[in-house]
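Mapped onto the numbering used here, the consecutive letters of the sequence shown carry residue numbers 144 to 497.
Okay, so here's the structure we're looking at.
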Amino acid sequence: MGTLYSSLKFLHFADHLEALRQGTVRAPIHIRIKPTNICNHDCWYCAYRVDHLQLGEVMVERDTIPREKMFEIVDDCIAMGVKAITFSGGGDPLVYKPLPEVVERLAAGGVRVATLTNGANLKGRMAEVFARHGTWVRISIDAWDDASYAHARRIPEGEFSRVCANMRAFTALDSRCVLGISFIVTRENHAHILEACRIFKDLGVNHVKLSGAVVANDGAENNAYHRPIKAATGDQIAAAKALSDSRFTVIDHYHELEERFDKSYTTCPFLQYLTVIGADSAVYTCQDKAYTQLGLLGSIRDRSFREFWFSEENRHRLYTFNPAENCHHHCVSHSKNLAILDVLAIDPEHGNFV
Ligand code: SF4
Numbered sequence: 144m145g146t147l148y149s150s151l152k153f154l155h156f157a158d159h160l161e162a163l164r165q166g167t168v169r170a171p172i173h174i175r176i177k178p179t180n181i182c183n184h185d186c187w188y189c190a191y192r193v194d195h196l197q198l199g200e201v202m203v204e205r206d207t208i209p210r211e212k213m214f215e216i217v218d219d220c221i222a223m224g225v226k227a228i229t230f231s232g233g234g235d236p237l238v239y240k241p242l243p244e245v246v247e248r249l250a251a252g253g254v255r256v257a258t259l260t261n262g263a264n265l266k267g268r269m270a271e272v273f274a275r276h277g278t279w280v281r282i283s284i285d286a287w288d289d290a291s292y293a294h295a296r297r298i299p300e301g302e303f304s305r306v307c308a309n310m311r312a313f314t315a316l317d318s319r320c321v322l323g324i325s326f327i328v329t330r331e332n333h334a335h336i337l338e339a340c341r342i343f344k345d346l347g348v349n350h351v352k353l354s355g356a357v358v359a360n361d362g363a364e365n366n367a368y369h370r371p372i373k374a375a376t377g378d379q380i381a382a383a384k385a386l387s388d389s390r391f392t393v394i395d396h397y398h399e400l401e402e403r404f405d406k407s408y409t410t411c412p413f414l415q416y417l418t419v420i421g422a423d424s425a426v427y428t429c430q431d432k433a434y435t436q437l438g439l440l441g442s443i444r445d446r447s448f449r450e451f452w453f454s455e456e457n458r459h460r461l462y463t464f465n466p467a468e469n470c471h472h473h474c475v476s477h478s479k480n481l482a483i484l485d486v487l488a489i490d491p492e493h494g495n496f497v
């Protein structure tokens with residue numbers, strides 16, 4: 144299996160680089176759809192739910208994309224040539240009842256599908272459909288046993304064991320779908336990273352991606368939260384990496400956290416590659432500005448996604464959005480933007496002198 148995470152995947156899409164040079168708009172390659180904001184867990188660090196983080200500031204917790212609207216979006220994505228769709232939160236995507244049908248329609252239309260989830264509903268028909276059609280499923284976890292899981296998510300004890308059972312059953316299916324874990328490192332769990340990775344490896348998951356909890360809009364404040372645990376976390380990650388073998392990998396994104404806050408660039412080229420559709424039937428710039436006024440590209444409540452995406456209104460917004468002014472917070476696409484801007488800055492007169 145090749146590399147799963149890379150900032151350089153954009154290099155496969157030369158037409159998008161050309162569109163950026165010309166100031167035109169192409170269909171996004173990848174869309175994150177948030178089918179619902181309803182969630183069966185209540186994680187204390189959930190950026191969409193806590194009040195002190197900008198992310199999710201205008202999120203309405205009961206919002207859900209109506210079934211007809213969802214199928215309109217799906218048909219638009221297929222017609223536009225969108226390559227991949229990830230279902231994510233807001234809420235937990237797997238509580239959205241029509242999802243199995245949605246996944247089947249997308250797969251039949253040639254669109255790759257994946258989902259982020261807490262894993263509680265990764266069972267029955269939902270698990271079968273992702274096992275059959277999914278490219279990957281990533282379960283977000285922040286704990287190492289029933290008590291720590293219940294505490295972090297403010298749910299009754301026993302759920303960690305149930306999610307682990309779901310994972311074990313999923314990995315036993317005859318499937319090419321990659322099952323990964325997104326482990327959010329906090330002060331509470333950092334000393335248990337190795338222990339948790341051992342459990343996940345034993346369950347048959349393919350990889351564990353370790354990222355730091357984002358607890359503040361401001362980079363300095365966020366770094367202050369992580370500073371006391373940074374060294375010990377590094378030791379845990381190094382020990383966990385030693386568990387890696389041909390079928391299990393530990394991926395360290397924890398140590399990239401500090402770089403992702405300050406932006407010196409004045410356009411965000413990655414907006415052409417990935418966009419976000421919220422459970423409020425609105426389109427947002429990215430997952431780091433979802434459900435914020437600043438990140439709103441436009442509503443698709445009374446028009447189709449396709450009509451909106453290729454509108455002059457959207458083109459203008461995509462090209463005038465200024466990260467140096469508007470994105471002083473965590474950005475998962477920061478290294479991708481830097482790489483794309485580097486490519487776009489190459490003087491064509493000198494481009495052949497490789
Ligand atoms: S710079 Fe990052 S946070 Fe800002 S709009 Fe672009 S992808 Fe989103």
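Positions of the beta carbon are idealized from the N, C-alpha and C atoms, including for glycine.
If you're wondering where the values come from, they're calculated on a predicted model, not measured in any experiment.
- Judged by their CB atoms, V393 and C340 are nearer to each other than the 8 Å cut-off.
- Around the beta carbon of V203, fewer than 16 other beta carbons sit within 10 angstroms, so the residue counts as exposed.
- Here DSSP, grouped into helix, strand and coil, assigns T392 to strand.
- Here the C-alpha atom of I176 lies approximately 22 Å from the C-alpha atom of H459.
- At a Cβ-Cβ threshold of 8 Å, T207 and T179 count as neighbours.
- Proximity of the beta carbon of F413 to the ligand SF4 is indicated: a heavy atom of the ligand is located closer than 7 Å.
- Beyond the five residues adjoining it in sequence on each side, A190 comes within less than 7 Å, by CB distance, of L196, L198, G199 and V357 in the same chain, given in chain order.
- For N457, the CB stays at least 7 Å from every heavy atom of the ligand SF4.
- Where G267 is concerned, there is no enclosing beta strand (DSSP E), although the alpha helix (DSSP H) around it starts and stops at G267 to H276.
- Nearest to S304 by alpha-carbon distance, out of A295, T435, D317 and W287, is W287.
- Within 7 Å of the C-beta of T418 there is not a single heavy atom belonging to the ligand SF4.
- In this structure, the C-beta of S407 stays at least 7 Å away from each heavy atom of the ligand SF4.
- At least one heavy atom of the ligand SF4 is found less than 7 Å from the C-beta of D431.
- Here G438 really is in contact with T428; their C-beta atoms are around 5 Å apart, less than 8 Å.
- A straight-line Cα-Cα distance of about 9 Å links K226 and I174.
- Straight-line spacing of the CA atoms in S424 and Y462 works out to 22 Å.
- At least one heavy atom of the ligand SF4 sits closer than 7 Å to the Cβ of H477.
- For P466, the shortest separation between its Cβ and any heavy atom of the ligand SF4 lies below 7 Å.
- Shown here for K344: same chain residues with a beta carbon closer than 7 Å to its own, the five before and five after excluded, namely L386 and F391 in chain order.
- Burial state of F496 is exposed, judged by a 10 Å Cβ sphere holding fewer than 16 other Cβ atoms.
- The alpha helix (DSSP H) runs of length 4 or more contained entirely in the segment 287-317 are, from start to end of the chain, 289-296 and 302-315.
- For the set T314, I172 and L147, the Cα lying nearest the Cα of A157 is the one of I172.
- With a threshold of 7 Å, the Cβ atom of T428 counts as near the ligand SF4, since some heavy atom of the ligand is closer than that.
- Not one heavy atom of the ligand SF4 is found less than 7 Å from the C-beta of N365.
- For G441, there is no enclosing alpha helix (DSSP H); the residue is part of the beta strand (DSSP E) that begins and ends at L439 to S442.
- Assignment of alpha helix (DSSP H) within the segment 209-254, counting only whole runs of 4 or more residues, yields 210-223 and 242-251 in chain order.
- Secondary-structure assignment with DSSP links S283 through a beta bridge to S325.
- In this structure, N480 has its CB closer than 7 Å to one or more heavy atoms of the ligand SF4.
- Within a 10 Å sphere around the beta-carbon of P371 sit fewer than 16 other beta-carbons, which makes this residue exposed.
- DSSP assignment within the segment 325-399 yields the following whole beta strand (DSSP E) runs of 3 residues or more, N-terminal first: 350-355 and 392-395.
- The beta carbon of A467 sits closer than 7 Å to the beta carbons of K406, S407, Y408 and T409 from its chain, once the five residues preceding and following it are set aside; these are given in chain order.
- If you check the CB distance, E302 and A263 come in under 8 Å.
- As the crow flies, the alpha-carbon of H276 is around 45 Å from that of E492.
- In this structure, C474 has its beta carbon less than 7 Å from a heavy atom of the ligand SF4.
- Taking one beta carbon from each stretch, the segment 234-242 and the segment 215-226 have fewer than 3 pairs nearer than 8 Å; the two do not touch.
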